[in-house]
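Residue numbers (this note's numbering), protein chains in the order written: chain A, 650 to 1025; chain B, 650 to 1025.
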């Protein structure tokens, strides 16, 4: 049962799509549903690997585009792979760079073969293809690699999105053909913007290629939450039930709960780390801006119930002071808390699914969490 | 023997002024010679308290001027003192704010009673007196408080320095009279720029006031190392032999060794943390700039012999990559290493003094350490 790619579903919710499972990887098992902290440039911002372990992080994400440009895939290969390079011995998922190159709107040109782009670092010219994206990820030696896909922005015309879906399917085939690394799982990525038929078409085509897992991309890019939920409702039933599903770029707590309810197993997002660096922390009643002057003399922790290092050792007043003073420790404490919060939320959902109590948890969560909209 | 202020000298070097001792404080003993990491704004930059403990830091420094302006002495008093505010239960030394207000050259005016200055944060007007400096430090509840002194810049005329010494002596009396906090040690500060007679005069006057310890200020402010060493040679013999001596603002490794050789027991400096954030790390052969391209594919640690977290888990190539990528973890790892290095250096000196081998350690240290001049 320890073969990488094996996905064992341990329990499913009777009335929602939620499920609890275990995904085997070359660096050990990942219990799902799981949130993956993002380490874009081979480091989860403000965190050290031992702290991620203390929080219970099971798998982290790194970025093909960024690591290809700096320090370069060969440097990391020479280090013995990304795990050894960054001192993280648990699973790593790398995204393909698709999202990043398509975000370089002024610096890129798309062809049927791939994307010509200029580096945001030094303006140097590069041509990222499905084959190259796979090759880089093989050099990085991640546990889970993602197919190179075409991401469209939101809003986007039906025609534009359809063309991107065509390309995404074509490139997925090319990635699959190019991929050789034993033990590394290659996931396909479903695109289709907010068009239900395109989402279904893309998911069906990818499902035929029989990937060991499926990303759902191009969501959480500005569309209303309801559209995202609708697209999930259209997509997950088409994907093979026995394979893990990964909703890319989603980390806002209410979205995580609703994603799980719709059968998603994996998530990643820069939100908890970015918000943390900006002094916004998650609590079970919603977001809290620690810089607010009401915390000047508030010597209680961010969340008295929380067992993270920040909540065990620092007060709101102290963290507020650190922020105002520009201390790195402020970013560290808030990031730590936010990642711990999401980790806890995922653990609670998993436990609830295993106990057949997911629906009650989902209801309670939404009752308590004041949804201020997805912060960006 | 656990009365705060008790200083027990355990061993002295036969041929130099070096000595190993134990200073009792309200938060426990401090083994000397000791380097105190600087936590200007109630945080040692890039470090968390648990990491400082892991390194073996015994006592840290915080800054009266900065904490008075933000978050304010009353906020910290209300938190239960600086230890509770910042989650550090070992000794804390606070400096008086003298050095900081005198650094505000354009924003301050000195009178016999104190210093009028404008806050560097918001331009608000304040008047810092010896009495206020003591009061603030009593609010902060530090273990060791420093007298409010007048620091002159370097170079400075004999006349100017003499006037500052007069004022420093007068203010030391006022601080002593104003100081009431039981268990908090108040140290005097010797000034006198690079004028031997002034240094001796200041030290003699302060010695008469019988402080539990003595700071040596106004050095390491731009004068040649030889002048600093000469001033120490003039000053320490005049100070009471049974009291701790604290050379303020010194943290460059060769200066620490020479300071100890001249009978100094305590040191502080922002150097290890500031250099760390800038990618410069200490090794036993000198400084190393981790950003250098020669480390691009160097997968060895900063120092293979070092047992700090950075050296146990990260390579030069990885840390260089983190720097170039602007990752907070780079500052964390290099700061951690530098503080660990100074801690180790002080421990080695203490051990050598106890074993009667200080001179040999001193010689070996200088043979190995390429002195590139005091980096500022």
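Beta carbons: idealized from backbone N, C-alpha and C, even for Gly.
Fair warning: this is a prediction, and the values are worked out from it, not measured in the lab.
- Taking one beta carbon from each stretch, the segment 826-837 of chain A and the segment 866-881 of chain A have fewer than 3 pairs nearer than 8 Å; the two do not touch.
- Rounded to whole angstroms, residue 665/B and residue 1001/B show a C-alpha spacing of 12 Å.
- Scanning chain B for C-beta atoms nearer than 9 Å to the C-beta of residue 720/A yields 945, 946, 966, 967, 969, 970, 973 and 974, reported in chain order.
- Listed along the chain, the chain A residues whose CB falls inside 9 Å of the CB of residue 694/B are 976, 977 and 978.
- For residue 962/B, at least one C-beta of chain A is nearer than 8 Å to its own C-beta.
- Contact between the segment 778-794 of chain A and the segment 724-734 of chain A is present: three or more C-beta pairs spanning the two stretches fall below 8 Å.
- Apart from the 5 residues on each side of it in sequence, residue 858/A sits with its Cβ closer than 8 Å to the Cβ of 821, 822, 825 and 837 in its chain, given in chain order.
- C-alpha of residue 755/B to C-alpha of residue 876/A: approximately 59 Å in a straight line.
- Within the segment 913-941 of chain A, no residue has a Cβ lying closer than 8 Å to any Cβ of chain B.
- Chain-ordered listing is empty here: chain B has no CB closer than 7 Å to the CB of residue 685/A, the nearest sitting near 18 Å.
- Put simply, of 745/A, 843/A, 981/A and 884/A the residue whose alpha carbon is nearest the alpha carbon of residue 922/A is 981/A.
- At a Cβ-Cβ threshold of 8 Å, residue 759/A and residue 714/A do not count as neighbours.
- Scanning its chain for C-beta atoms nearer than 8 Å, with the 5 sequence neighbours on each side dropped, one finds around residue 719/A the residues 690 and 770, in chain order.
- For the options 671/A, 773/A, 692/A and 675/A, the alpha carbon positioned closest to that of residue 682/A is the one of 671/A.
- Taking each of 779/A, 934/A and 843/A in turn and checking the Cα distance to residue 804/A, the smallest one comes out for 843/A.
- For residue 790/A, not one C-beta of chain B is nearer than 8 Å to its own C-beta.
- What residue 981/A touches in chain B, judged by beta-carbon distance under 7 Å, is 697, going in chain order.
- Residue 801/A counts as buried, since no fewer than 16 other beta carbons sit within 10 angstroms of its beta carbon.
- Residue 1015/A and residue 895/B have their alpha carbons spaced roughly 57 Å apart.
- Under a criterion of Cβ atoms nearer than 7 Å, the residues of chain B adjacent to residue 724/A are, in order, 945, 946 and 966.
- The C-beta of residue 727/A comes closer than 8 Å to at least one C-beta of chain B.
- Neighbours of residue 736/A across chain B, judged by C-beta separation under 8 Å: 962, 963 and 967.
- Listed along the chain, the chain B residues whose CB falls inside 8 Å of the CB of residue 757/A amount to none; the nearest CB is some 21 Å away.
- In terms of Cα proximity to residue 806/B, the closest of 829/B, 951/B, 847/B and 775/B is 847/B.
- DSSP places residue 908/B within a helical segment (H, G or I) once states are collapsed to three.
- Pairing residue 810/A with residue 879/A, the inter-Cα distance amounts to about 17 Å.
- Counting other Cβ atoms within 10 Å of its Cβ, residue 934/B stays below 16 and is therefore classed as exposed.
- In the DSSP assignment, the residues bridged to residue 917/A are 685/A.
- Taking the C-beta atoms as reference points, residue 687/A is found nearer than 8 Å to residue 919/A.
- For residue 738/B, the number of other beta carbons within 10 angstroms of its own is below 16, and it is reported as exposed.
- A buried status is given to residue 905/A, since no fewer than 16 other beta-carbon atoms sit within 10 Å of its beta-carbon.
- Rounded to whole angstroms, the Cβ separation of residue 943/A and residue 983/A is 17 Å, and the two are not in contact under 8 Å.
- Distance from the CA atom of residue 796/A to the CA atom of residue 930/A, rounded to whole angstroms, is 33 Å.
- Close partners of residue 691/A in chain B (Cβ separation under 9 Å): 967, 970, 971, 974 and 976.
- One Cα belongs to residue 985/A, the other to residue 697/B, and the distance between them is close to 12 Å.
- Counting the other Cβ atoms within 10 Å of the Cβ of residue 776/A gives fewer than 16, which makes it exposed.
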